[in-house]
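Q: Numbering (our numbering), first residue to last: -4 to 352. Every residue gets a Cβ at the ideal spot worked out from N, C-alpha and C, and that includes glycine.
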Ligand SMILES: [Zn+2]
């Protein structure tokens, strides 16, 4: 054997060995990634989370009461005027959601919604029509908030269609919605609440991919069976004004139920110049799928307070302790928030009740 051949063979053997090491590394990395993804859901419960009652209003009468119901759900109440945002109590598991039919569980909806009296709620705001924002809304609207209007997109209305028994109660926002440059039309609820939809866009869930994409142009006559039937449709954020008088705002809330690529989801600059937002409810989950979330929203809304919603894993039942959503580095989001926002902010556990000045 020539010395050259031995050398070539040695190189070839080393290459094979290196390739094996590389493959092993890829396998180990993949396993680690999967393990991290699973563990993220189980272990991450750190951060400035709060539970119980947070009174930042020092007993003031004119405070905003914000109760976090988990997922996209909030009760927002000011001076006896109540607005709900689409809650989810059914929480089908991850595997169930992916492989099996899902439907709203009326026992769970009644068990959890009955904790609060929302019978005089004026409206239920729905930012997009994915199941985790809309599936439990008919049950809440029919049995707990019987006079509330359901505020959402054409796809939201058509997904509820005729099967849900709420077809006369949906207010379409598509033609009234605003963006950063254009002031939209206020929808009025009672004499002390007005709501403006803000054109937004649903950020991808992972790797640029958005689950359950689509719009619905005709009313469904049957209840959706699969998670894939609940397509997102047009996505909106909302400005919610609790009024002190016909033209004077007592409290201004911004609500989003999905991360958005700015300036999608922005409030009109002209409105914010007149009156910045008092409380901005922002979504951390999947924030890294877009640029400048939350920074751009802090700049646009100039909020006094920030609340994080829809941050926790909603694939586990409501009565198990909350932990952050799969694949979202929530501490990273929070560090970025703190870099641009020096006001008070909270990441509430489910059922936390905040009273804000
Ligand atoms: Zn969604």
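(1) Quick one: residues in its chain with C-beta nearer than 6 Å to the C-beta of residue 53, no 5 flanking neighbours on either side, listed in chain order?
(2) Report yes if the C-beta of residue 255 is less than 8 Å from at least one heavy atom of ligand 1; otherwise report no.
(3) For the alpha helix (DSSP H) containing residue 224, name the first residue and the last one.
(4) Going by the DSSP bridge assignment, what does residue 288 pair with across the sheet?
(5) Considering just the uninterrupted stretch of the alpha helix (DSSP H) at residue 108, what are its terminal residues?
(6) Taking residue 271 as the reference, give the member of 170, 230 and 248 with the closest Cα.
(7) Which of the three DSSP states, helix, strand or coil, is assigned to residue 68?
(8) Report whether the distance from the Cβ of residue 196 to the nearest heavy atom of ligand 1 is below 8 Å.
(9) Three-state secondary structure (DSSP) at residue 87?
(10) Alpha carbon to alpha carbon, what distance is there between residue 341 and residue 44?
(11) Residues in the same chain with beta-carbon distance under 8 Å from residue 175, minus the five sequence neighbours each way, listed in chain order, please.
(12) Just to check, is the beta-carbon of residue 123 closer than 8 Å to a non-hydrogen atom of ligand 1?
(13) Mind pulling the alpha helix (DSSP H) runs of 4 or more residues that sit fully within the stretch 101 to 150?
(14) According to DSSP, what are the bridge partners of residue 50?
(15) Look up residue 231 in the DSSP assignment and give the residues it is bridged to.
(16) Got a sec? Which residues, its chain only, sit under 6 Å from residue 147 by beta carbon, not counting five neighbours each side?
(17) Would you call the stretch 91 to 102 in contact with the stretch 199 to 207, where contact means no fewer than 3 C-beta pairs closer than 8 Å?
(18) Contact between the stretch 228 to 240 and the stretch 108 to 125: three or more CB pairs below 8 Å?
(19) Based on the DSSP secondary-structure assignment, which residues constitute the bridge partners of residue 73?
(20) With DSSP collapsed to three states, give me the class of residue 353.
(21) Could you tell me the alpha carbon to alpha carbon distance between residue 343 and residue 315, rounded to whole angstroms?
(22) Along the chain, where does the beta strand (DSSP E) containing residue 275 start, and where does it finish?
(23) Hey, quick one: how far does the alpha helix (DSSP H) through residue 269 stretch, first residue to last?
(24) Specify the secondary structure class of residue 321 as computed by DSSP and reduced to three states.
A: Reading off the structure:
(1) none
(2) no
(3) No alpha helix (DSSP H) contains residue 224, which DSSP labels as neither H nor E.
(4) The partner list for residue 288 (beta bridge, DSSP) is empty, contrary to what the question assumes.
(5) 101 to 108
(6) 248
(7) strand
(8) no
(9) coil
(10) 6 Å
(11) 258, 261, 262, 263, 264 and 295
(12) yes
(13) 101 to 108, 126 to 129 and 132 to 138
(14) 350
(15) 194
(16) 121
(17) no
(18) yes
(19) 59 and 76
(20) The structure shown does not extend to residue 353, since the chain is modelled only from -4 through 352, so no value can be given for it.
(21) 15 Å
(22) 274 to 277
(23) 264 to 269
(24) coil
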